[in-house]
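In our numbering, the protein residues as written are 6 to 484. Glycine included, each C-beta is placed from N, C-alpha and C at the ideal position. Everything on this sheet refers to the single structure shown next.
Below, the structure written as structure tokens:
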């Protein structure tokens, strides 16, 4: 199967004359996808495992998306996210709500947006969310999440790293040591996690160098092939552009491609490069991830800085003013949220706000949301900035356009306030059910400014299409 999109002739960008991709991982991905066009599927796992015998292949790092890492209390090791049994946190209780929330009740009015990078509690990520444990009427059940892609990439044999390394590596056999998973607290600010990702790569590189010396391998500078799903792709893209630095306090930070010192190739799977309307809906209405799982209230979701950083851009008009006056409604505007009592500020959420804040004034929550929206605006502006130089890493996009995906919502005035209606299916676009194809490829065209060629700032070499939904892509037999 040929790439659906490749640089020449499909987007307004300079021609890319870098060397063709030679990564065993990416060649296997392409070969597996090409097999989908014929009568047989060639499992990627079989291809990659055989090619992985090459000791000079680039080390591989997987980054899961939002909710894709298991969270535990650092002391008790009680599971906060990733298991829903009698011994885990129940977000439908007041105690469980506060356990899973970031401590926004500590936020002080007037604190600058950069302090969001420091907001954390005693919850930590303990591993990739390969499966979710649930209990229905006392019967334990297990639901696979990232298990398929972990196994495909040879990342299934999770083991503790050698003492002192400070990261977790994966059991890849006696002589294979180059597969890693970066798991992280997905509730937190994406820049904080990008900085942590950079620190992780340095430790992983030191580990690979040590093992190379042990086996007499001369590889040169250690660079990684990074495979990132959903929000994990935004973390990887930020690091690739700016390195392990927080640049969001700068007015116009230059794109330095500092992360290319460690990233050779980046594979983005279903990444919302221009945001997702689903993030807006989750902040407004809360989320129930499955009929087997409890409901997560808007008051809880409002405490996650990362979720604001997934919002769609105002320039793409995700909110259509039903009055017809042509107003451009900005999802990043604090006034829009506060003045219209959206999400956590609605009357229906008052009991949950009380459970969450427990005596702290609601001004803490208002100040936090204001700062989170401002930081999110800066985050997406940094990702959307046109770079002045070519990206030194090879970037490949994997996306779906097989499912109608919410792209816009209508806004009506009721009782002096604006209310959002997500029910109009005619406002959908092709995608994976969560991320539109246009967002995945960074398509900046709008109905008002339409052209025949894709307009994007993403420096990709090719786009490959999957069938399936947002998470289902990672479970596809093509992987």
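The beta carbon of residue 127 is closer than 7 Å to those of 78, 79, 80 in its chain, skipping five residues each way along the sequence. Taking one beta carbon from each stretch, the stretch 425-438 and the stretch 353-367 have fewer than 3 pairs nearer than 8 Å; the two do not touch.
With a cutoff of 8 Å on beta-carbon distance, residue 398 and residue 245 are scored as near each other. Taking a C-beta distance under 8 Å as the contact criterion, residue 70 and residue 306 do not qualify as a contact pair. Using a 10 angstroms sphere on the CB of residue 194, the tally of other CB atoms reaches 16 or more, which defines it as buried. Distance between residue 444 and residue 276, taken at the CA atoms: about 8 Å. When the five nearest sequence neighbours on each side are left out, the beta carbons in the same chain lying within less than 8 Å of the beta carbon of residue 248 are those of 203, 261, 263, 264, 266, in order along the chain. In the three-state reduction of the DSSP assignment, residue 187 falls in the coil class, being assigned neither a helical nor a strand state. Boundaries for residue 446: no alpha helix (DSSP H) harbours it, and the DSSP string shows neither H nor E there. Looking from the CA of residue 200, the closest CA among 330, 410, 239 belongs to 239. A distance below 7 Å between beta-carbons, with the five flanking residues on each side excluded, links residue 350 to the following residues of its chain, in chain order: 342, 343. The DSSP-derived three-state label of residue 109 is helix.
Residue pairing by DSSP places residue 441 opposite 436 in a beta bridge.
Shown here, residue 222 sits in coil according to DSSP, grouped into three states, outside any helix or strand. Residue state for residue 342 is assigned as helix, using DSSP reduced to three classes. Minimum Cα-Cα distance from residue 394 among the listed residues 113, 463, 216 corresponds to 463. The beta carbon of residue 413 is closer than 6 Å to those of 323, 325, 432 in its chain, skipping five residues each way along the sequence. Linking residue 311 to residue 192 through their CA atoms gives a straight-line distance of about 6 Å. Straight-line spacing of the CA atoms in residue 84 and residue 469 works out to 36 Å. Closest option to residue 214, judged by alpha-carbon separation, among 66, 409, 183: 183. Beta bridge pairing from DSSP links residue 231 with 66, 271. Residue environment analysis places residue 111 among the exposed positions, since fewer than 16 neighbouring C-beta atoms fall within 10 angstroms of its C-beta.
Straight across, the Cα-Cα distance linking residue 96 with residue 223 is about 50 Å.
C-alpha of residue 225 to C-alpha of residue 347: approximately 53 Å in a straight line. Taking C-alpha positions only, residue 218 is separated from residue 211 by approximately 11 Å. Of the candidates 65, 73, 372, 103, the residue whose Cα lies closest to the Cα of residue 359 is 103. If you draw a straight line from the Cα of residue 206 to the Cα of residue 66, it comes to about 9 Å.
Going by C-alpha positions, residue 299 is about 10 Å away from residue 94.
When DSSP reads this structure, residue 321 sits in no beta bridge, so it has no partner. One Cα belongs to residue 269, the other to residue 228, and the distance between them is close to 5 Å. A distance below 6 Å between beta-carbons, with the five flanking residues on each side excluded, links residue 438 to the following residues of its chain, in chain order: 408, 410, 474, 475.
Each of 68, 242, 321 was checked against the Cα of residue 400, and the nearest Cα belongs to 242.
Taking the C-beta atoms as reference points, residue 253 is found no nearer than 8 Å to residue 113. Distance between residue 376 and residue 303, taken at the CA atoms: about 17 Å.
With contacts defined as CB atoms closer than 8 Å, residue 314 and residue 381 qualify as a contacting pair.
Taken through DSSP and simplified to helix, strand or coil, residue 294 comes out as coil.
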